[in-house]
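Okay, so the sequence shown: first residue is 2 according to this note's numbering, each after it adds one.
Since the structure comes first, as structure tokens, the remarks are kept for the end.
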Amino acid sequence: MPGGPLAIGSNQTTSLSKYFHDQPDPAQTSSDFCNSFWGPNDGGVEVLFARMRGAARTMNEVQGFWKKRIAIEEEYATKLAELAKSPLGTDEIGDLRVALDTLRAETDAQAAQRLTVVQTMKRDIETPSSDFIGKQNYHKKIFQASIEKSYEAKQTQEKYVEKAREKSQQTVQASEKDHQNLVRALGDTCKRWEEEWKTYCDQSQALEEERIEFIKDVVWAYANAVSTVCVSEDESCEKIRVNLELVEAEKEMGNFVKYYGTGPVILEPLLFTSYTHRSHPGQPKQRLAAFSRSHVLIPSMPALPEEPQEVGRAEPGAASIAPSGITHDASGQAVKGTSAGEDTQQSKNQQPQPPRLPSPTTRRPPSPTTPAAPPPAQTNPSQAAQSTDEVPNVLFYVKALYDYKATIPEEFDFSAGDIIAVTATPDDGWWSGMLLDDTRRIPGRTVFPSNFVCLF
């Protein structure tokens with residue numbers, strides 16, 4: 002049989018292991034209990050009793066498994082139902098709101114399905130298992146208790162006969178009659194025992210066959226119940242996926258503008274009204290918004306630097322330097338900023354890496370070189386103002402601490418000591434600006450790393 006070797010190995014861990022033998026009796030041709038548990042000294046009695054005790058223990062273990070499994074399923078279903086009641090996407094509109102509503106609804110449906118499975122397992126698995134354990138207890142109380150008494154009576158009668166035989170050998174004439182009577186009584190006892198034991202074997206075998214089929218059926222029912230949940234949850238997940246396929250960011254934005262937009266009219270600032278000359282205040286002028294959208298991808302949170310940055314806006318959490326020269330540490334406390342000379346001296350000992358620039362171009366952080374020997378001539382602030390007359394919205398000026406070589410077309414090269422007019426300071430650490438030395442400017446190249454510079 003395919004399960005033979007496994008069955009032999011498993012016998013080493015059962016309560017029947019001490020009765021195990023791997024040399025079957027050649028005379029054993031039947032699989033019926035009533036023909037298989039006899040032998041010298043009624044050796045089959047203890048074996049069958051042990052089998053029935055093990056069967057009862059197995060059913061108790063199986064019943065305990067069902068109780069725990071049902072409790073787990075019931076707890077999970079309850080938590081799913083609570084989760085389905087949690088707010089989800091209450092501020093959304095359109096298809097995204099529908100998709101999130103579907104997620105909640107299907108989570109609630111999964112909870113309901115699992116509660117249904119709980120009831121199914123209680124009805125079709127736990128309750129029948131309890132009933133079968135009751136049947137085993139009845140068998141033990143009525144039939145096994147009776148056969149145990151008969152077995153004890155038979156053993157007692159055999160002891161009497163053995164003692165009478167020993168006594169009759171010593172005093173033959175006086176004890177022979179008693180011995181004969183006891184042997185006759187033992188014969189009657191053995192006859193009754195054989196009939197009762199045969200009946201008990203048949204009852205035990207019938208109960209064991211029913212038990213094995215019962216365990217097979219309930220485990221099968223359990224597998225079907227769990228499989229039903231899996232199929233149901235797969236259907237729920239498919240509904241969620243179908244609704245998610247309808248979600249389009251452009252469509253969501255269109256619906257938001259359509260139903261919540263406040264219009265494109267921009268009111269110009271109020272004009273000066275001279276109340277001294279009692280001029281009539283005019284109506285503010287209006288114009289329609291006609292901007293070109295800038296597609297800006299919000300970057301991921303950059304990694305924190307190992308050492309404080311010279312210019313803090315390059316990395317969140319690092320010390321920041323405002324144009325006034327006042328620094329703020331990570332806790333928000335104001336401290337005195339370092340000077341350009343101190344920063345230059347620090348650059349000789351440590352060379353920072355620029356923060357990462359977000360997609361579409363993947364950046365490799367460049368290794369800054371040592372400060373160039375002859376830095377370009379510095380421009381005084383008055384010259385800086387003249388050189389940047391054509392550059393609108395100059396926020397402040399910075400001085401390069403290190404040489405930098407551009408890695409993408411939007412960046413520009415600069416050398417240590419160069420003065421840069423800053424026009425924008427995005428939080429990703431890649432600022433916009435241009436060199437004050439207009440002879441080295443390249444149109445379209447305005448991006449540079451903020452942690453390669455300090456305030457000028």
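The beta-carbon is built from N, C-alpha and C at its ideal position, and this holds for glycine as well.
Item	Value
Give me, in chain order, the residues of the same chain whose beta-carbon lies closer than 8 angstroms to that of glutamate 249; leave out the 5 immediate sequence neighbours on both sides.	Asp96
Tell me, please, which residues DSSP counts as bridged to methionine 435.	Ala422
Tell whether a beta-carbon distance below 8 angstroms holds between phenylalanine 413 and phenylalanine 449.	yes
With burial defined as no fewer than 16 other Cβ atoms inside 10 Å of the residue's Cβ, what is the status of lysine 69: buried or exposed?	exposed
Does the stretch 219–230 come into contact with the stretch 79–96, if we say contact requires no fewer than three beta-carbon pairs (one atom in each stretch) closer than 8 angstroms?	no
Any chance the stretch 132–151 sits against the stretch 101–108, with 3 or more Cβ pairs inside 8 angstroms?	no
Who are cysteine 455's beta bridge partners in DSSP?	Lys400
Is the beta carbon of cysteine 455 closer than 8 angstroms to that of valine 395?	no
Return the Cβ separation of alanine 112 and alanine 82 in integer angstroms, given the expectation that the two are a contact with Cβ distance under 8 angstroms.	4 angstroms
Where DSSP assigns a beta bridge to glutamine 287, which residues make up the other side?	Leu268
Can you check which of these residues, Asp439, Glu234, Tyr405, Ala422, is closest to phenylalanine 453 by C-alpha distance?	Tyr405
Compare the beta carbon distance of histidine 180 and arginine 166 with 8 angstroms and say whether it is the shorter of the two.	yes
Express the C-alpha separation of leucine 437 and serine 451 in angstroms, rounding to a whole number.	16 angstroms
Can you tell me where the beta strand (DSSP E) with phenylalanine 449 in it begins and where it stops?	448–450
For valine 219 and isoleucine 126, which I take to be in contact (beta-carbon distance under 8 angstroms), what is that distance rounded to the nearest angstrom?	5 angstroms
Have a look at valine 232 and lysine 123 and give me their C-alpha separation to the nearest angstrom.	20 angstroms
Below 8 angstroms CB to CB, which residues in the same chain sit around glycine 445 once its five sequence neighbours on both sides are set aside?	Pro410, Glu411
For leucine 187, tell me which candidate among Val119, Gly135, Met435, Ala154 has the shortest Cα-Cα distance.	Ala154
Using the Cα positions of threonine 424 and leucine 245, report the straight-line distance between them to the nearest angstrom.	41 angstroms
Quick one: what's phenylalanine 415 bridged to in DSSP?	Tyr405
Would you check if there are 3 or more beta carbon pairs closer than 8 angstroms linking the stretch 25–34 to the stretch 57–64?	no
Distance check for glutamate 163 and isoleucine 134, CA to CA, integer angstroms please.	41 angstroms
Quick one: using the 10 Å Cβ neighbour count with 16 as the cut-off for buried, is methionine 254 buried or exposed?	exposed
Please go through the same chain and pick out, in chain order, the residues whose beta-carbon is closer than 6 angstroms to the beta-carbon of threonine 389, but skip the five residues on each side of it.	In this prediction, threonine 389 has a pLDDT of 42, which is less than 50 and means its spatial position is unreliable; what the coordinates show is noted afterwards. Answer for threonine 389: Val395, Ala422, listed in chain order.
Do glutamate 269 and lysine 252 have their C-beta atoms closer together than 8 angstroms?	no
Can you check whether the CB of cysteine 191 is closer than 8 angstroms to the CB of phenylalanine 34?	no
If you draw a straight line from the alpha carbon of valine 266 to that of serine 295, how long is it in whole angstroms?	20 angstroms
Can you say whether leucine 289 is buried or exposed, counting buried as having 16 or more other CB atoms within 10 angstroms of its CB?	exposed
Give me, in chain order, the residues of the same chain whose beta-carbon lies closer than 8 angstroms to that of glutamine 206; leave out the 5 immediate sequence neighbours on both sides.	Asp33, Phe34, Cys35
Just to confirm the assignment, what range does the alpha helix (DSSP H) spanning proline 86 have?	With the sequence shown as reference, residue 86 is identified as lysine, and proline is not the correct amino acid for it. Segment: none, lysine 86 is in no alpha helix (DSSP H) and carries neither H nor E.
Taking threonine 121 as the reference, which of Trp67, Leu183, Asp92 has the closest Cα?	Trp67
Can you tell me whether alanine 291 is buried or exposed? The criterion is at least 16 other CB atoms within 10 Å of its CB, across all chains shown.	exposed
By Cβ distance below 8 angstroms, which residues in the same chain neighbour lysine 199 in space, the five residues on each side in sequence not counted?	Cys35
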